[in-house]
Each structure stands twice: as C-alpha cells, then as structure tokens.
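What follows is a single structure, written as structure tokens, with notes after it.
2 protein chains.
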Amino acid sequence: MATSIEDVARRADVSISTVSRVLNRHNVVNAQTRKRVEEAIAELGYRPNVFARGLMLRKSNVLGLVLPDLHGEFYSEIIRGANLKARECGYHLLISSVTADDDGQDVLATIGAQGLVDGMIVMVTEMSSRIRTSLGDAPVPLVVLDGDIQGATHDTVAIDHRNGAESLVRHLLSLYPTSPIVFLGGHATNLDTIDRLNAYQKVLAEVGREPSQKDIVYLDYSYETAFRYASERVLEWSAARSVVFAANDEMAAAVVDAALAATLDVPADLPVAGFDDTRIAQLTRPRLTTVRTPMAQMGAKAIELLCERLESPDRPPNRVTLPTEVVVRESCGGPPAPGS
Amino acid sequence: MATSIEDVARRADVSISTVSRVLNRHNVVNAQTRKRVEEAIAELGYRPNVFARGLMLRKSNVLGLVLPDLHGEFYSEIIRGANLKARECGYHLLISSVTADDDGQDVLATIGAQGLVDGMIVMVTEMSSRIRTSLGDAPVPLVVLDGDIQGATHDTVAIDHRNGAESLVRHLLSLYPTSPIVFLGGHATNLDTIDRLNAYQKVLAEVGREPSQKDIVYLDYSYETAFRYASERVLEWSAARSVVFAANDEMAAAVVDAALAATLDVPADLPVAGFDDTRIAQLTRPRLTTVRTPMAQMGAKAIELLCERLESPDRPPNRVTLPTEVVVRESCGGPPAPGS
DNA sequence: CCCCGCTATGAAACCGCTTGCAATTGATCT
DNA sequence: AGATCAATTGCAAGCGGTTTCATAGCGGGG
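Here the protein sequences line up with chains X and U, keeping their order.
Residue 20 in the numbering used here sits at position 20 of the first sequence, with consecutive numbering throughout.
Residue 656 in the numbering used here sits at position 316 of the second sequence, with consecutive numbering throughout.
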C-alpha cells in the first residue's frame, strides 16, 4: 500500500489537514510546520492519491483527445502538437480513436467515464457520424477539431481548407487554363473532402466551367486504393491533358506512382497536386505541390482553447481558424521549386 | 452535478448497496429489483464516478504509454497498435513523451500520479536515460518496450533488430563483397543504433573485415541532418564504391535524395539501405531496401503483456522478441523487386 | 410451533483527500 | 484587566462508490 496523507501527518506530527494545506499551497501554514511537513513528504516519497483528490476537486488533469483514426502522419502530428501543449499546461493526454462501429457510443463512454477527463477534443470528419449528435450533451468542456458544426455551443478549431483548396485550384487553372481537373476525394461523407470539393467547384464555376461528374471520384484517402484506381486511369487522364487534384498527399503520391509505372512523366504528362503537406509530399519524386495544413498546430491550438475554457468556463464559445497555404513543388509544373 | 448512485437508489426505491451490486454483476440481486434498478440507471443516464470507484477498487482502467518522442511514423504506429489492443482489453491509453530535459523526472510524475494508471509501457531508447534507473521502483506493473534492460524484473517486448541488421548487412555483402559499408546511426547512445552497429561490426568481422572508423557516423535519425551530412559525402562515397546502411528510413531517404541531387544514380552509383520499413521506404524512388520492424505489433504486444500481468501479478517476468525481416527493394540493387 | 438456513436487502465503515468551522494561543487594543 | 483579533491548527463532514456484516422474511424439517 502506498503511503497516504496520514503517514505523512503522523511523521510530521501534525493533522492531515495541515498536510493537505501544505500540499495545496494555502500559505496559511506556519513556516516551521510547513518545513517539517515537506521533509516528511520528501522522506516518504509521498504523492497524493489521484482518486481521492479527484473525488473532492472534480479534476483529473487529464484531457481526452478523440480522433477518427490514428493512422498516418496527419493524426500523428496532431497528437504531437497536442501532447506538447498539454504538458505545458500541466495536463496529461488520453488518446482514443473512434472506429466506425463503436462511433458515438464510445465517445460517450470515454467521456462518460465520469470525471476521467476534465475536457475533450473531438475531431469529427464524418457528416453522418453519430458523434455529432451526441456531442451536444457532453458532460465536460469540449473542443471540436476541424468539424464544422453550426450553431456550436463549444469551442472550435477550424482549418481553412476552403481557402487553401481554392488557392490551389486557382493555381492549377493558371497553369493549365483549359485542362479538366480530376478531383480525388476520400469518402463522400468526409467533411474535409466535401470542403475541398466545394472549393473546387466554386473556383471552376467562377471561370464559367462545370466539372464533369466523371472527374469527381470518391476513394478512401489510402495509398493502395488510389494506386489501384489511378493505375487504370492515368493513360486516359493524360490523353485528356487532365490535372489531378487529390484530397490528401497519400493519394497524390499513389497517382504519381501509378503514372510513373505507366511510364508517364509527372508533371509533363500528368500534373498532380496533393493536400496536407505531410512528409510524404517532400519525399516523392517529383515532390508534391500541395496545401500545407498546420497539423501540429491544430492539436496545440485545440488544447490551448480547452485549457482556457477550463479556467473560465463561462466565456463565450470561441472559434479559431488556422490558415493553410499552397506549397508549390514540382509535381504540377509551374515555377521552379523555390528552395523548399 | 452529475447523477450519483444515490439518485438511482432513490428512484428505484432501494439502497445504494443494491444499486452497487447491480452495477458489479453480483448476481445476488432479485430479478425484479435488478430490473427496477437498471431502468432507473437507464432513465437517469447514470454512470459511476471514476474517482469514487477508483478509490475503492484501486483501478483506473487506464494504461500509460511513455515514448521517447512522438514524431514520425514509427511512434505513430506503435500508438495505433497499442490503442487498438488496449481497447480490446477494456483500457484507455494515456500517452506521454519523455523529452530530454524532463526525462526520468517526469515518468515518475506520470506514474507517480498515484493510481492514475494501472500499468505502464515505457520505451527506452537512450542508454544514459535516467529513466532506466528510476524504472526499478515503479509503483505499477511495467512493460519495457524495446529497451534491453538486463536483470529486468518486468516484462519486456524486444525487437530482433540484431538479427534483422545482420541479415541486411549479409545481404549487402553478398551483393557488394568488397565495398566499404558506411553506417549512419542515430545518437551514439541510442540503444537501437548500438544494436545495429554491433550487428554490422559482427558480420564484417565474420568475413575478416574491420570497418574503418570514418565509415561509422552518428547523426540524429532526422532527414535534415542526414541530408546535410550526406550532401557533402555522396561523391566521395560513390568514388569509393561504398554502400550506405542507414539506421532508419528517414536518413536513408535523405541519402538517396542527396545522391540524386548530386546527379548520382541509386543504386548504380551508390546503393543505400534503410531500417524500419516505414511508409517512407515505399515512397522514395528508388524504393528502399530496408528491415521491417513490426511497429504496430510492438505496441499491441506490450499492451497484451501488461494486461496479462494485471490479471496475474505474480507470474514470472515475460520477455517476447518480435522478429524483423529484410525487405529487398530497389535502392540497393540485387534481385528485381518482387511485387512489393 | 420453533429453529435453521437461505436469499435479498440495508446500514455503516472505509478508501484518501479537501475544506468549512471551531478551538487555541499570543498579541494588540481600549 | 478584559475584549478583540489574527494566525495556526485540528475536527469532522463530506466526495461517491464498494463491501462486510447484520437483519428481515420465508419455507421446510423436527
């Protein structure tokens, strides 16, 4: 059995109340007494029991981070950014992914583990997700990450995909004004995909073009699926002088590989653009023109908002939008890569 | 204030003892009563308070995962594997990285958060790490991941780097029997680097060769550092008909890029091999010959051991070693890539 | 008819800590 | 000198559960 506050009290010859006061920086404790207590604590290597403390204080110093998946660099960077900031704020991070089957169910269970976390960050990427509905009655402060939930009563960290996507499409149009642009998305219900698709359609509309249905393809964000699909299309795309705009870097890399496998040149025969600017974008040859998403910053900012809310629970819901930025490399032609 | 067991008791018109019994599946509760209680629970959306429960049961259902870093796919995959298995076993995952400065200090703090976690997985990759010493008196069951701590009293998940590295070096020697082999490691104190270096030296010794000191280089596992370093050496290496064995894929990719930038051909002018078989290995051109490390499996296995120990605390310490495997692709020449 | 044993339930102790309130003490004020 | 006050410290009441032990009800055997 670990040492308890009582052991410390006995050793320092005071009551447990006094020990508790020393612990909680109530500076109402006499200097000498405090010293005795602190010595006792040190000698015993005492550490207060989290549960007992949490029971009174209703605080665990743990924040929950719920992601739709843990696969790939995208989420990994979010975690990294979140972890760093959480540490900075004195919190630990409980991480969980919500798979398709447990879905909302489980978020509530995680949350519902009453008091386990002081607050949560939930990343919502599926429109249909049951989470979205169950979010309303979360028993703890919530920050929604990258999920555009209207009428939200909670804090939100949004990413300006829209803007990034629009800029990218404009960039593509400026280089290839008449080319068809093939859009490769994730699932049709994926919010990011929807955003990017909207941006794509909007920009085309601006120049009076209407994308043909067959140029809008929903895949699943994975390299493998994209590679299989692209392998069957690259020749056709190339023949039509198309440009490919993939909704993430993995799929873009797959298209590049498929093109190369078909002995096409990228970008000469088939320009390709990605999204996110993960490490992948710099490792493929040619390197990917893409849109930089501030992944680590997303995690950090979400934690920051959460911590702020924990400190002042009554302030109005906050919404921050992080900027994105087009990164031009070689996979699309255009200006020779600027150092990057 | 959330609903408590007392609310449920009142609503079901029973005592809290009975509610508690229903909750804990003591099947000593009368069927009718149980039904009433369950209805009350459902109607109130009651969930037992984690702290109160933990206080009595001394159990949080949270496991800690402490990694040296959260950067890159390597750790990301470990987390993914661990998370999946943890869920399967009914646990949540608390993730933390130990940075150089807080080091052991903090592991104890995390652990020391008395009772916050029921057990921990600690990945130790630095010889000098203070963690290693503070590990002995962990107050909770511990699984050491990939750290070869001798005389260990805890469970261990080891990776057979040694074997993988030896096979890889033999493979290189079979292709380039007389070439100098340049070893690019992480920090000199990094345990994995040490293992791989030992394997490298052992195999060379077997064929009666002694690596020259200048062919053993310690960097820091990062792409950037490796790229800078390699950029200055590739011509020299190529001239000496050297082969590069990098201790991870990132550095191998950097060497490939540096070589390409110097208009060398890989593998013709400079064969390069990596380690880990992260996604990177498949995305570079040429793709990397490397050693597959079962990253997700490492995380999963560690959780598995931990859960088993939590169930039977007295069983003798267990040690499992996960196998690695050489993956031959194009960055080193050799047999034409087999499908992969 | 009484006692026994079994089942179902409630009362209360306890887990370790925080905190409001009362008590003690020595000093200051009138 | 008596009262007031500030500074310390201890007492004890929870926080919300689990669990031991006692109690109540009830059918059956002697």
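Even for Gly, the Cβ is constructed at its ideal location relative to N, Cα and C.
{"Query": "Using only CA atoms, which one of U:HIS494, U:THR533 and U:VAL666 lies nearest to PRO653 (chain U)?", "Result": "U:HIS494"}
{"Query": "So with Cβ pairs under 8 Å, would you call ALA677 (chain U) a contact of chain X?", "Result": "Per-residue confidence for ALA677 (chain U) stands at a pLDDT of 49, beneath the threshold of 50, marking its modelled position as unreliable; the derived number appears in the next sentence. Not closer than 8 Å to any Cβ of chain X, the Cβ of ALA677 (chain U) fails to qualify, so no."}
{"Query": "Just to make sure I have the definition right: I need the residues of chain U whose C-beta is within less than 8 Å of the C-beta of ILE79 (chain X). Which are they?", "Result": "LEU410, SER416, ILE419 and ILE435"}
{"Query": "Report yes if the CB atom of VAL243 (chain X) is closer than 8 Å to the CB atom of ALA199 (chain X), and no otherwise.", "Result": "no"}
{"Query": "Please report the distance separating the alpha-carbon of GLY339 (chain X) from that of LEU559 (chain U).", "Result": "Low per-residue confidence applies at GLY339 (chain X): pLDDT is 46, beneath 50, and the placement is therefore not dependable enough to give any value."}
{"Query": "Using a Cβ-Cβ cutoff of 9 Å, what residues of the segment 598-629 of chain U are near chain X? List them in chain order.", "Result": "LEU600, ARG619, ILE620, GLN622, LEU623, THR624 and ARG625"}
{"Query": "Taking 8 Å as the CB-CB cut-off, is ALA253 (chain X) touching chain U?", "Result": "yes"}
{"Query": "Nearest-angstrom Cα distance between SER20 (chain X) and LEU44 (chain X)?", "Result": "15 Å"}
{"Query": "Say whether chain U places a C-beta atom closer than 8 Å to the C-beta of ALA205 (chain X).", "Result": "no"}
{"Query": "What residues from chain X crowd round ALA311 (chain U), counting only those whose CB sits closer than 8 Å?", "Result": "Any answer about residue 311 (chain U) is impossible in this case: the structure gives chain U only from 341 up to 680."}
{"Query": "Helix, strand or coil for ASP347 (chain U)? Go by DSSP, reduced to three states.", "Result": "helix"}
{"Query": "Using the beta-carbon count (16 or more within 10 Å), is GLY455 (chain U) buried or exposed?", "Result": "buried"}
{"Query": "Do we get a CB-CB distance below 8 Å when we pair PRO653 (chain U) with the residues of chain X?", "Result": "no"}
{"Query": "With 16 as the cutoff for other CB atoms within 10 Å, does LYS375 (chain U) come out buried or exposed?", "Result": "exposed"}
{"Query": "Starting from THR156 (chain X), trace the beta strand (DSSP E) both ways and give me its first and last residue.", "Result": "155-159"}
{"Query": "Could you give the uninterrupted runs of the beta strand (DSSP E) lying entirely in the segment 504-547 of chain U, keeping only those of 3 residues or more?", "Result": "521-525"}
{"Query": "When the Cα atoms are used, what is the spatial distance from ALA296 (chain X) to LEU322 (chain X)?", "Result": "11 Å"}
{"Query": "Quick check: VAL143 (chain X) and VAL157 (chain X), are their CB atoms within less than 8 Å of each other?", "Result": "yes"}
{"Query": "Suppose you measure from the CA of GLU210 (chain X) to the CA of VAL596 (chain U); what does that come to, to the nearest Å?", "Result": "42 Å"}
{"Query": "Counting only the same chain and skipping the five closest in sequence on each side, list residues whose C-beta sits under 7 Å from that of ASN423 (chain U).", "Result": "LEU433"}
{"Query": "At a CB-CB cut-off below 9 Å, which residues of chain U make contact with GLU73 (chain X)?", "Result": "GLY412, GLU413, SER416 and ARG619"}
{"Query": "Check the Cβ of ALA342 (chain U) against every Cβ in chain X and list those closer than 9 Å, keeping chain order.", "Result": "GLN114, GLY115 and PRO139"}
{"Query": "Counting only beta-carbon atoms, is VAL22 (chain X) nearer than 8 Å to chain U?", "Result": "no"}
{"Query": "Considering only the beta carbon of each residue, do GLU325 (chain X) and ARG279 (chain X) sit closer than 8 Å?", "Result": "no"}
{"Query": "Alpha carbon to alpha carbon, how far is GLY404 (chain U) from GLY54 (chain X)? Give it in angstroms, no decimals.", "Result": "18 Å"}
{"Query": "Specify the secondary structure class of PHE245 (chain X) as computed by DSSP and reduced to three states.", "Result": "strand"}
{"Query": "Quick one: list the residues of chain X neighbouring VAL484 (chain U), beta-carbon separation under 7 Å, in chain order.", "Result": "Result: empty, since nearest Cβ-Cβ is about 20 Å, beyond 7 Å."}
{"Query": "Determine, using beta-carbon pairs with one atom in the segment 303-320 of chain X and one in the segment 266-284 of chain X, whether at least three such pairs fall under 8 Å.", "Result": "no"}
{"Query": "Considering only residues of the segment 209-295 of chain X, which uninterrupted alpha helix (DSSP H) runs meet the minimum length of 4 residues and lie entirely inside it, listed in chain order?", "Result": "223-239, 249-261 and 279-283"}
{"Query": "Suppose you measure from the CA of GLU572 (chain U) to the CA of TYR561 (chain U); what does that come to, to the nearest Å?", "Result": "17 Å"}
{"Query": "Whose C-beta lies closer than 6 Å to the C-beta of ALA259 (chain X) among residues of the same chain, with five residues either side of it excluded?", "Result": "VAL234, VAL266 and LEU270"}
{"Query": "What residue from U:ARG350, U:ILE418 and U:PHE585 has the CA that sits closest to ALA505 (chain U)'s CA?", "Result": "U:PHE585"}
{"Query": "Measuring alpha carbon to alpha carbon, tell me which of X:LEU191, X:LEU310 and X:PHE183 ends up nearest GLN201 (chain X).", "Result": "X:PHE183"}
{"Query": "Where ALA337 (chain X) and LEU288 (chain X) are concerned, what is the direct C-alpha to C-alpha distance, given to the nearest angstrom?", "Result": "Residue placement at ALA337 (chain X) is poorly supported in this model, since its pLDDT is 49, which falls under 50; the coordinates still yield a value, given next. Distance between the alpha carbons of ALA337 (chain X) and LEU288 (chain X): 10 Å."}
{"Query": "Is the Cβ-Cβ distance between THR529 (chain U) and GLU466 (chain U) less than 8 Å?", "Result": "yes"}
{"Query": "Listing by chain order, which chain X residues have their CB less than 9 Å from the CB of ASN423 (chain U)?", "Result": "LEU70, ILE95, SER96 and SER97"}
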